[in-house]
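S.K.: Just dropping this structure here.
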Amino acid sequence: APLILWLRQDLRLSDQPALAAAVSEGPVIPVYILDDEAPRQWAMGGAARWWLHHSLARLDESLRAKGSRLILRRGRSAEILAALAEETGASRVHALRHYEPWWRNAEKAVGKTLDLCLHDGGLLLPPGAVRTGAGGMYRIYTPFSRAVMEHMPPAAPHPAPHRIDGPAHWPTSDSLEDWALLPTKPDWAQGFAADWTPGEQGARANVADFLDEVGDYPTARNLPSIEGTSRLSPHLHFGEVSPAYLWHRIESSGHDATIFLKELIWRDYAHVQICELPVYGSENARRDFDALAWRDLREAGGDFTAWKTGRTGYPIVDAGMRQLWTTGWMHNRVRMIAASFLIKHLLIDWRHGARWFWDTLVDADYANNSVNWQWVAGSGVDANLFTRIMAPLTQSDKFDAADYIRTWVPELAGLPDGAIHDPDAHGARPAAYPAKIIDHREGRERALAAYRHSKG
Ligand code: FAD
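Dropping the structure here:
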């Protein structure tokens with residue numbers, strides 16, 4: 003009997019333990035189910051759908067080159083898999099384990115009616131593999147990271163199978179075009195293709211390119227004006243490359259890659275946190291933050307729009323928000339600055355910002371997005387202090403963002419380095435660029451007052 007390979011955020015053929023297991027047992031039916039019902043409010047956002055479309059197209063090509071193909075179905079995962087098993091006589095479902103709360107629920111539902119075989123491989127270590135002295139899960143990043151490091155390197159990655167045999171009769175598949183994952187009018191994704199090559203091959207090419215740069219990462223990663231980071235986040239989110247493969251390639255680069263590998267461990271850390279607290283994306287991990295009086299969007303809606311559209315009058319924030327809109331990605335340092343600005347200077351609930359990122363990031367990831375937003379807000383399990391308020395203009399100068407601003411805020415392209423971070427202060431603001439929607443000190447004081455008030 004054939005085996006079903008249920009693909010989700012693991013769209014690769016190499017180092018894919020679920021695929022390897024299925025191939026070793028018989029003919030394989032690879033299926034991707036577009037399930038918008040399981041995640042409900044966390045259904046994939048627009049930018050991620052653009053990525054998904056291209057990643058699925060590439061995966062189908064790779065499968066066909068090995069004698070297989072990708073079956074596409076749409077609906078509730080458990081129902082679709084049950085129907086597919088019935089149609090094809092499949093005896094078992096192989097899948098990689100995923101930790102988003104809706105995937106864990108879906109796995110439970112599938113396991114009730116089918117023989118579901120779950121494999122690890124989406125993280126460096128499955129949650130629970132390292133535990134505190136008391137036997138619990140780590141809640142703080144630094145000791146977690148230290149414990150993970152002791153188990154590294156991960157097991158050596160497996161190559162893709164040479165051939166993937168299919169069933170005598172293939173089940174029908176939806177057409178990818180019919181899923182309408184790509185934007186039509188307006189086509190806001192025009193800028194995406196210039197930056198990204200979704201799919202396993204693109205991911206591996208990206209890893210290879212980064213090997214030469216990993217030695218510079220410790221300093222380059224903080225400078226938004228240069229490409230100092232790997233830009234692997236969407237590839238990792240969609241599982242086009244396994245973290246174990248990445249780890250081994252990076253270690254073979256001959257550079258000291260510790261700082262980079264520690265960033266990769268943040269991804270594992272975030273996934274452990276959503277296992278422990280599945281509502282991490284919608285509720286304050288520290289409940290004392292429930293008392294914080296965020297500004298109501300009915301009053302602050304104009305400020306929120308200015309933030310989303312990159313018109314706050316803070317060049318570094320606006321550059322980041324425009325980079326996000328145009329390319330589906332934002333530099334990490336700028337994500338922190340832009341998020342902090344929304345939460346503190348504008349006193350807008352982090353959840354509104356996280357939702358915007360969810361819809362606009364190609365790497366939108368429930369664990370990474372939720373944990374990082376709450377880290378910036380101060381409401382996370384391990385978090386920055388709310389009262390430590392980033393000064394966006396100082397950050398912009400300190401991390402040399404002038405060229406970054408010139409790229410994304412063309413109204414300011416003509417300004418010299420000395421004035422570009424804060425055109426207002428230098429009397430250099432062109433008419434086309436908005437004045438600051440809030441003064442730094444005023445925003446800071448308002449945030450601190452709201453925080454003090456929440457503490458009673
Ligand atoms: P690199 O610096 O090259 O890092 C390599 C990989 O390590 C990344 O691809 C990512 O998988 C992982 N990583 C690095 N930093 C972090 C981090 N702080 N937390 C978790 N994993 C990390 N990352 C996402 O993948 N999806 C998100 O939805 C997301 N939302 C974020 C929201 C905010 C407010 C902030 C401050 C950060 C967010 N991040 C998110 C984390 C980080 O900004 C991105 O992972 C990183 O910028 C991706 O670029 P890169 O691949 O070049 O990173």
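For reference, each letter of the sequence shown is one residue, going 3 to 458 in the UniProt record's numbering. Heads up, the beta-carbon is just placed ideally off N, CA and C, and yes, glycines get one too.
I want to see whether chain D comes within less than 9 Å of Asp367, judged by CB atoms only; does it?
M.R.: Absent here is chain D; the protein component of the structure consists of one chain.
S.K.: For Val216, count neighbouring C-beta atoms within 10 Å of its own C-beta (all shown protein chains included) and say buried if the count is 16 or more, exposed if not.
M.R.: That one is buried.
S.K.: Please identify the residue among Ala49, Lys438, Asp12 and Leu294 whose C-alpha is closest to the C-alpha of His100.
M.R.: Ranking Ala49, Lys438, Asp12 and Leu294 by Cα distance to His100 puts Asp12 first.
S.K.: As an exercise, report each continuous alpha helix (DSSP H) stretch of at least 4 residues that is fully enclosed by the region 305-356, in chain order.
M.R.: The qualifying runs are 317-329 and 334-342.
S.K.: Is Tyr271 near the ligand FAD, judged by its Cβ being under 8 Å from some heavy atom?
M.R.: At least one heavy atom of the ligand FAD is nearer than 8 Å to the Cβ of Tyr271, so yes.
S.K.: By the DSSP assignment, the alpha helix (DSSP H) with Ala111 in it spans what residues?
M.R.: From DSSP, the alpha helix (DSSP H) with Ala111 extends over Pro103 to Thr115.
S.K.: Anyone know if the C-beta pair for Val364 and Ala50 falls short of 9 Å?
M.R.: Against a cut-off of 9 Å, the Cβ pair of Ala50 and Val364 comes out as a contact.
S.K.: Among Arg165, Gly168, Ala131 and Arg443, which one has its Cα closest to the Cα of Glu152?
M.R.: Taking only the C-alpha atoms, the option nearest Glu152 is Ala131.
S.K.: Rounded to whole angstroms, what is the Cα-Cα separation between Leu417 and Met332?
M.R.: In a straight line, the C-alpha of Leu417 is about 23 Å away from that of Met332.
S.K.: Which residue from Asp298, Asn334 and Ile407 puts its Cα closest to that of Ile318?
M.R.: Cα-wise, what sits closest to Ile318 is Ile407.
S.K.: In the DSSP output, what is Leu98 paired with across the bridge?
M.R.: The partner list for Leu98 (beta bridge, DSSP) reads His121.
S.K.: Return the chain-ordered ranges of every alpha helix (DSSP H) run that is complete within the region 141-223 and spans a minimum of 4 residues.
M.R.: Listed in chain order, they are 143-152, 194-197, 202-213 and 219-222.
S.K.: Compute the Euclidean distance between the alpha carbons of Leu120 and Gly355, then round it to the nearest angstrom.
M.R.: C-alpha separation (whole angstroms): 34 Å.
S.K.: Have a look at Ala222 and Arg300 and give me their C-alpha separation to the nearest angstrom.
M.R.: Roughly 40 Å between the two C-alpha positions.
S.K.: Find the nearest neighbour of Phe212 within the set Thr231, Ala196 and Gly201, judged by alpha-carbon distance.
M.R.: Of the candidates Thr231, Ala196 and Gly201, the one whose C-alpha sits nearest the C-alpha of Phe212 is Thr231.
S.K.: Would you say the beta carbon of Phe343 is closer than 8 Å to some non-hydrogen atom of the ligand FAD?
M.R.: Incorrect: Phe343 has no Cβ contact closer than 8 Å to the ligand FAD.
S.K.: How should Ile142 be labelled, buried or exposed, when 16 other C-beta atoms within 10 angstroms of its C-beta is the threshold for buried?
M.R.: Exposed.
S.K.: Would you mind stating whether Leu349 and Pro163 have Cβ atoms separated by less than 9 Å?
M.R.: Not a contact, by the Cβ cut-off of 9 Å.
S.K.: Give the range of the alpha helix (DSSP H) segment to which Trp44 is assigned.
M.R.: No alpha helix (DSSP H) holds Trp44; DSSP gives it neither H nor E.
S.K.: Roughly how many whole angstroms lie between the Cα atoms of Gly322 and Ala195?
M.R.: Cα to Cα, the separation comes out at about 19 Å.
S.K.: Grouping DSSP H, G and I as helix and E and B as strand, with all else coil, what is Trp296?
M.R.: DSSP places Trp296 in coil when its eight states are reduced to three.
S.K.: In this structure, what does DSSP give as the bridge partners for Tyr34?
M.R.: According to DSSP, which records beta bridges pairwise, Tyr34 is partnered with Leu9 and Leu74.
S.K.: Ordered along the chain, which non-local residues of its own chain (more than five positions away) have a Cβ less than 7 Å from that of Pro161?
M.R.: Ser16, listed in sequence order.
S.K.: Which term fits Asp320, buried or exposed, when burial requires 16 or more other beta carbons within 10 angstroms of its beta carbon?
M.R.: Buried, since its Cβ has 16 or more Cβ neighbours within 10 Å.
S.K.: Pop quiz: Ala287 and Gln192 are said to be a contact at Cβ under 8 Å. What is the actual Cβ separation, rounded to whole angstroms?
M.R.: That pair is no contact at about 37 Å.
S.K.: Whose CA, out of Ala427, Ala111 and Pro425, lies closest to the CA of Ser79?
M.R.: Considering only alpha carbons, the answer is Ala111.
S.K.: List the endpoints of the continuous alpha helix (DSSP H) containing Ser284.
M.R.: Here Ser284 belongs to no alpha helix (DSSP H), and DSSP marks it neither H nor E.
S.K.: Out of Ala67, Leu225 and Glu253, which has the shortest C-alpha to C-alpha gap to Met154?
M.R.: Minimum Cα distance to Met154 is reached at Glu253.
S.K.: For Thr409 versus Ser227, is the C-beta distance shorter than 9 Å?
M.R.: Yes, these two residues count as a Cβ contact at 9 Å.
S.K.: Using 8 Å as the threshold, is the region 255-264 in touch with the region 29-42, meaning 3 or more CB pairs across them?
M.R.: No: fewer than three Cβ pairs fall under 8 Å.
S.K.: In terms of residue numbering, what span does the alpha helix (DSSP H) encompassing Thr90 cover?
M.R.: Its alpha helix (DSSP H) spans residues Ser79 to Thr90.
S.K.: Could you compute how far the alpha carbon of Ser93 sits from the alpha carbon of Phe401?
M.R.: Cα to Cα, the separation comes out at about 56 Å.
S.K.: Go ahead and pull the three-state DSSP assignment for Pro29.
M.R.: Pro29 falls in the coil class under three-state DSSP.
S.K.: Check each candidate in Leu9, Leu450, Gly303 and Gln275 and name the one with the smallest Cα separation from Glu109.
M.R.: The shortest Cα separation from Glu109 among Leu9, Leu450, Gly303 and Gln275 belongs to Leu9.
S.K.: Where does Arg233 fall in DSSP's three states?
M.R.: Three-state DSSP puts Arg233 in coil, outside helix and strand.
S.K.: Output the boundary residues of the alpha helix (DSSP H) element that contains Ala452.
M.R.: Start and end: His442 to Ser456.
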